[in-house]
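In our numbering, the protein residues as written are 63 to 490.
Here's the structure, in structure tokens; my notes come after.
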RNA sequence: GUGACCGUAGCUCAGGCGGUUAGAGCGCCAGGUUGUGGCCCUGGAGGUCGGGGGUUCAAGUCCCCUCGGUCACCCCA
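Take a look at the structure:
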């Protein structure tokens, strides 16, 4: 170890040309481009919110009892304010929606985002302390088509990037009115089994019993087989909504699996909940998740519920999944032209040409350390440049540069005057 | 927060039960071609063997501590 400082545990530098796809800048550009394109096509507009938020927004929005709030937040105090590095973006976006009265804008709001989030967990494959999410929200309608639309954009992003082996699981959590009834029934059923449950589940039994449903412990799953189903407690509207969602998904050919045990970790979800899964991201299986969260707005201070539905997806997990599926990922950003100069006078002239090429829109490069021609050629080759322009004393005299095709090896003399145009045309 | 495993050149890794100048491949630099890349050949630079302590005549190798990483649990993106 030479440097005294290095990246903080669970964070990483992205480097151009890095051997690992997960931290290669070019790969990030690739998926970011895909996300922007699909979102744009679906009529979503990008929203950017600060990385720093009031701790209270997250605590009240996501829920005190969630793992995120109870043990995974990076918070700090300064003056009288308690700050948090955002652990997710849905609450901040709802905050922004309310703060800027976006309900006054025409129609429903379709917003998408892309950005860094922070959670103070022990890092492992597919889970990091600084990680990146992208996602989308439709705010302002209860229509189940909005739920379907959210699922559709989400699926489209993965499809556009070539990731096809995914599983969509959906469920409904019922309304704010009926959920307590089910919750009670579930507790009543589980209470006699209390001794068989794990410590965590026992704790949840009193605090957040629905979460027990998605347990992985075999003994608990067995008990749950006979447990009352949420579906039996649904109110008429939730049931209708759920049926409509399934109908719409089918109508646009999005396959899904119904999973009555699917419960999401954040408190703000009502009705629709869904998760997109993929194998081979280490022990993690969730690529993305989301659902309807009409109660988030009142939880963070709005006078009444604001109907909203959205998804959040992990960018690291997306890359890991793409890599695992053997999808081609960009390795480097090749140059169009590489300029080679021999001698000081040629060096200065070359610099002028390079700038001219760049202004004309080409990706043009040159070495600044005055190395041998062989060395410069090697660099041109490494840069993946299709064309090389050679400028030496002879060329300065004749005012003609040598243009070399790195694929065929052919080279021709081109007058200085027409150099930029010549190369621009070649690269069309 | 808990557990397991791993730290030897820029990267990936060799270094039988401790023994003398710590190696390879790739990468980097230079030369072979006095102005021409990719292939090939030759040479070179680059290592407090993560750090500290201990055992020993002798430690990269054994023991302890510590730091860092990876993976897993919990949970989630």
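The C-beta atom is built at its ideal place from N, Cα and C for all residues, glycine as well.
Keep in mind it's a predicted model, so treat the numbers as computed, not measured.
Test item: CB-CB of residue 149 and residue 181 under 8 Å: With contacts defined by Cβ atoms closer than 8 Å, residue 149 and residue 181 form a contacting pair.
Where residue 185 and residue 192 are concerned, what is the direct C-alpha to C-alpha distance, given to the nearest angstrom? Roughly 9 Å between the two C-alpha positions.
Since residue 104 is in the beta strand (DSSP E), which residue starts that stretch and which ends it? Counting along the chain, residue 104 falls outside any beta strand (DSSP E), and DSSP gives it neither H nor E.
Where does residue 479 fall in DSSP's three states? Three-state result, residue 479: helix.
With a floor of 3 residues, list each beta strand (DSSP E) that falls wholly inside the segment 183-257, ordered by position along the chain. Inside the segment 183-257, DSSP marks whole beta strand (DSSP E) runs of 3 or more residues at positions 192-201, 229-234, from first to last along the chain.
Tell me which residues share the same chain as residue 63 and place their Cβ nearer than 7 Å to its Cβ, disregarding the 5 neighbours each side in the sequence. Low local confidence applies: a pLDDT of 42 at residue 63 is under 50, so the model's placement there is unreliable, with the coordinate-based value given in what follows. Excluding five sequence positions before and after residue 63, none of the CB atoms of its chain fall closer than 7 Å to its own CB.
With 16 as the cutoff for other CB atoms within 10 Å, does residue 431 come out buried or exposed? Residue 431 is exposed by the Cβ-count criterion.
How would you call residue 469, buried or exposed, if buried means at least 16 neighbouring beta carbons within 10 angstroms? Classification for residue 469: exposed.
Which residues bound the alpha helix (DSSP H) around residue 455? Under the DSSP assignment, residue 455 falls in the alpha helix (DSSP H) whose first and last residues are 455-460.
Please state if the CB of residue 404 and the CB of residue 435 are separated by a distance shorter than 8 Å. In this structure, residue 404 lies closer than 8 Å to residue 435 by Cβ.
Sorted by chain position, which residues of the same chain lie with C-beta nearer than 8 Å to residue 314's C-beta, five sequence neighbours on each side aside? The answer, listed in chain order, is 210, 214.
Have a look at 445, 265, 216 and flag the residue whose alpha-carbon is nearest the alpha-carbon of residue 350. If we check each option's Cα against that of residue 350, 216 comes out closest.
I need the straight-line Cα distance from residue 223 to residue 419, nearest angstrom please. Here the alpha carbon of residue 223 sits roughly 32 Å from the alpha carbon of residue 419.
Could you pull out every residue in the same chain whose Cβ sits closer than 6 Å to the Cβ of residue 472, ignoring the five residues on either side in sequence? Only residues of its own chain outside the window of five on either side were considered, and among them none has a CB closer than 6 Å to the CB of residue 472.
Less than 8 Å separating the beta-carbons of residue 328 and residue 137? No, they are not a contact pair.
Beta-carbon proximity check, residue 307 vs residue 206, cutoff 8 Å: It is a contact, given that the beta carbons lie within the stated cut-off.
Report the rounded CA-to-CA distance for residue 362 versus residue 123, giving the unit in angstroms. Computed Cα separation, rounded: 6 Å.
Under a three-way DSSP split, which group does residue 484 fall into? In the structure shown, residue 484 falls within a helical segment according to DSSP collapsed to helix, strand and coil.
Report back the beta-carbon spacing between residue 309 and residue 353 to the nearest angstrom; my notes put them in contact at under 8 Å. The C-beta distance from residue 309 to residue 353 rounds to 18 Å, too long to fall under 8 Å, and the pair is not in contact.
For residue 355 versus residue 331, is the C-beta distance shorter than 8 Å? Yes, Cβ-Cβ distance for residue 355 and residue 331 is below 8 Å.
Which runs of the beta strand (DSSP E) fall wholly inside the segment 411-472 and span at least 3 residues, in chain order? For the segment 411-472, whole beta strand (DSSP E) runs of length 3 or above, ordered along the chain, are 426-428, 449-453, 462-467.
Three or more C-beta pairs below 8 Å linking the segment 242-250 and the segment 289-305: Contact holds: three or more Cβ-Cβ distances are below 8 Å.
Which residues mark the beginning and the end of the alpha helix (DSSP H) in which residue 303 is found? Following the DSSP letters along the chain, one finds residue 303 inside the alpha helix (DSSP H) bounded by residues 298-313.
Backbone secondary structure at residue 384 - three-state DSSP: In the three-state DSSP reduction, residue 384 falls in the helix class (H, G or I).
Going along the chain, which residues of its own chain have a beta-carbon closer than 8 Å to the beta-carbon of residue 109, five neighbours each way excluded? Excluding sequence neighbours, residue 109 sits near 155, 158, 173, 174, 175.
Any contact between the segment 96-110 and the segment 394-411? By contact I mean 3 or more CB pairs, one from each, below 8 Å. Contact between the segment 96-110 and the segment 394-411 is absent: fewer than three C-beta pairs spanning the two stretches fall below 8 Å.
Check residue 345 in the structure and name its three-state DSSP category. Residue 345: strand per DSSP, three-state reduction.
Excluding sequence positions up to five away, which residues of its chain have a Cβ less than 8 Å from the Cβ of residue 460? For residue 460, where only same-chain residues beyond five positions count, the Cβ hits under 8 Å are 475.
I believe residue 372 touches residue 238 by the beta-carbon criterion, under 8 Å. Please report the beta-carbon distance rounded to the nearest angstrom. 18 Å between Cβ atoms; not a contact.
Per the DSSP calculation, residue 266 is bridged to which residue(s)? Bridge partners of residue 266: none, in fact.
Host alpha helix (DSSP H) of residue 401 (start-end): Residue 401 -> not in any alpha helix (DSSP H); beta strand (DSSP E) instead, spanning 399-403.
Identify which residue in 345, 317, 486, 93 has its Cα closest to the Cα of residue 426. Among 345, 317, 486, 93, the Cα nearest to that of residue 426 is on 486.
If you check the beta carbons only, do residue 183 and residue 134 fall under 8 Å apart? Contact flag set, yes.
For residue 482, which residues in the same chain have their Cβ closer than 7 Å to its Cβ, ignoring the five residues on either side in sequence? By the criterion of a C-beta distance shorter than 7 Å, residue 482 is surrounded in its chain by 418, 419, 422, once the five residues flanking it on both sides are discounted.
Evaluate residue 269 with the Cβ neighbour count: other Cβ atoms within 10 Å of its Cβ, from every protein chain shown; 16 or more gives buried, anything less gives exposed. Per the 10 Å Cβ criterion, exposed.
With DSSP as the reference, please indicate the residues paired to residue 171 in a beta bridge. Per the DSSP secondary-structure output, residue 171 pairs in a beta bridge with 201.
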